[in-house]
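Notes to accompany the following structure.
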Ligand code: 5GP
């Protein structure tokens with residue numbers, strides 16, 4: 004840059020969604036191992052913890068009253084009702100990373116991703132930093148077997164999730180990128196290329 008000017012880079016907000024059971028979390032976790040400055044945004048939820056889930060690490064597990072107070076205080080970038088529970092992303096969770104040039108994954112559902120997309124119209128920083136990524140299964144049967152393989156939900160829940168997945172697949176056009184999760188290795192490679200390209204976007208830089 005000229006004389007005293009230098010460029011500083013904002014982090015990237017990687018908004019990753021896809022139908023339930025597509026393997027988002029596995030792909031994101033594998034990518035994260037290879038990028039030390041890539042974080043997971045910890046969402047708030049009103050659902051109960053599953054075995055092994057830790058408060059503050061997997062989610063902030065809060066009750067409905069506290070969640071509604073946070074909505075009223077404008078603390079969420081987005082929030083949604085997913086399968087009868089609230090889930091939401093805190094502004095603070097995202098800003099703390101991107102302002103330091105570090106990247107953050109938002110593993111959120113499509114309603115939430117669409118809310119963030121709307122905000123990018125009025126929020127300059129979000130507009131500059133977001134990449135919308137949609138993960139799809141190689142075929143539909145794959146989704147069902149992944150959902151059943153989890154063994155954590157009863158049949159009624161699986162059926163609800165499958166029906167929702169069908170609907171969700173139709174949203175792919177709203178995203179910047181599609182990743183087919185055919186093999187974990189290939190999906191991880193695709194995600195890495197998106198991240199490398201995201202780091203080169205002019206919009207992500209500012210003069211200091
Ligand atoms: P699970 O209960 O299996 O952890 O998550 C259920 C769904 O909620 C997943 O599709 C996940 O992406 C979504 N989800 C998790 N955190 C958030 C969030 O902060 N906001 C929104 N909108 N969805 C979320």
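Residue numbers (the working numbering): 4 to 211.
By construction, the Cβ of each residue, glycine as well, lies at the ideal position given by its N, Cα and C atoms.
Taken atom to atom, the span from the alpha-carbon of residue 75 to that of residue 82 is near 12 Å. In the three-state reduction of the DSSP assignment, residue 70 falls in the helix class. For residue 92, the shortest separation between its Cβ and any heavy atom of ligand 1 lies below 7 Å. The C-beta distance from residue 135 to residue 31 rounds to 14 Å, too long to fall under 8 Å, and the pair is not in contact. Bounds of the beta strand (DSSP E) holding residue 90 are 88-93.
The three-state reading of DSSP puts residue 25 in coil, since its state is none of H, G, I, E or B. Scanning 98, 148, 105 and 152 for the CA closest to the CA of residue 39 turns up 105. Taking residue 63 as reference, the option from 44, 77 and 192 with the minimal CA-CA separation is 44. Two segments are said to touch when three or more pairs of C-beta atoms, one from each, lie closer than 8 Å; by this definition the region 10-20 touches the region 89-104. For residue 132, the uninterrupted alpha helix (DSSP H) segment begins and ends at 127-132. Judged by their CB atoms, residue 51 and residue 85 are not nearer to each other than the 8 Å cut-off. With respect to residue 26, residue 184 sits close: the two C-beta atoms are nearer than 8 Å. If the five residues before and after residue 133 are omitted, its C-beta is found closer than 7 Å to the C-beta atoms of 16, 18, 119 and 123, all from its own chain and listed in chain order. Residue state for residue 47 is assigned as strand, using DSSP reduced to three classes. Remark: C-beta atoms of residue 20 and residue 137 approach each other more closely than 8 Å. Relative to ligand 1, even the nearest heavy atom lies 7 Å or more away from the CB of residue 103. Taking C-alpha positions only, residue 110 is separated from residue 116 by approximately 9 Å.
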